[in-house]
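So in our numbering, the last one in the sequence shown is 235, and the numbering has no gaps at all. First the structure, in the form of structure tokens, and then the observations on it.
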Amino acid sequence: MNIRRKNGSSIDVASIECDSKHIGLVFSGIGYTCRNPLLYYSRKILLELKIDYMGIDYRYYEDSCFLNASDEEKDEYFEQDNALVVEHVKDMAKTHEKVFLIGKSMGTSVIRRCMRHPEISKKAYLVLMTPGTEWPEFIPELKPTDNPALLIGSLKDPYFAVSNLHDVYDKKNLTLMELENGDHSLEVNDVEKDIETLKKVMLSERLFIRNCLRC
């Protein structure tokens, strides 16, 4: 399944149905794909919990139209893609009771746009991994919401440790996993430590989703 753009290219969509009344949508980063560890294991968790899965990857890292565009054109390209994806998520929300929105970096910016639509937001449960460049603007929009959210980031990641970070700590229904060390992929370039971190993150995500299924 793909979402077709006006220029003929497509946004990559992979789906696995579990005949579930709930769905998990996983949004990639700009270069961090659904095949990379944090998002690969997010898919495994959803399937383990018998939740319908949909992975959406903009694949900008191999899109010549995007790569050759100016910054202004890239912003417009991104917004056009977001508009297409939001409509797709709306359709999924119509047929599912709970909608888990899981995003890494740029993927959290896609979630930000999904949350502007009541059809989605009223059913949404959020997993925000290492928010991207829009994080300072997303925080004041996220804070007043009641949606349960799991926020994962490293204080050594400048994209996460923004000046207004503490404002989000007061958000209702927020579960925070904040690392003292780690880059934008939550890694410290030590294989053993990085595997331990990945395990902790995935266990936290699985517990969060399980708890949301019970509520």
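The beta-carbon is built from N, C-alpha and C at its ideal position, and this holds for glycine as well. Every value quoted in this text rests on a predicted model; they were computed, and no experiment measured them.
For Val119, the uninterrupted beta strand (DSSP E) segment begins and ends at 118-124. Counted as a single uninterrupted DSSP element, the stretch harbouring Ser205 is not any alpha helix (DSSP H), since DSSP gives it neither H nor E. Secondary structure note for Ile23: its beta strand (DSSP E) is the uninterrupted segment 22-24. Between Leu196 and Asp32, the alpha-carbon positions lie close to 30 Å from each other. It is roughly 17 Å from the alpha-carbon of Lys124 to the alpha-carbon of Val182. Annotation for Thr217: Leu206 place their beta carbon closer than 6 Å to its own, counting only its chain and skipping 5 residues before and after. When Cβ pairs closer than 8 Å are counted between the two stretches, the segment 106-118 is seen to touch the segment 37-46, the count reaching three or more. Taking Glu37 as the centre and dropping the five residues before and after it, the same chain places the C-beta of Asp72 closer than 6 Å to its C-beta, in chain order. In this structure, Arg132 lies away from Phe98, with their beta-carbon atoms at least 8 Å apart.
DSSP places Asp72 in the strand class (E or B) of the three-state scheme.
A direct Cα-Cα distance of roughly 18 Å separates Ala34 from Ala103. Counting C-beta pairs with one atom in each stretch, the segment 129-143 and the segment 157-177 have three or more that are closer than 8 Å, which means they touch. In the structure shown, the three-state DSSP call for Glu198 is strand. Judged by their CB atoms, Gly127 and Phe47 are nearer to each other than the 8 Å cut-off.
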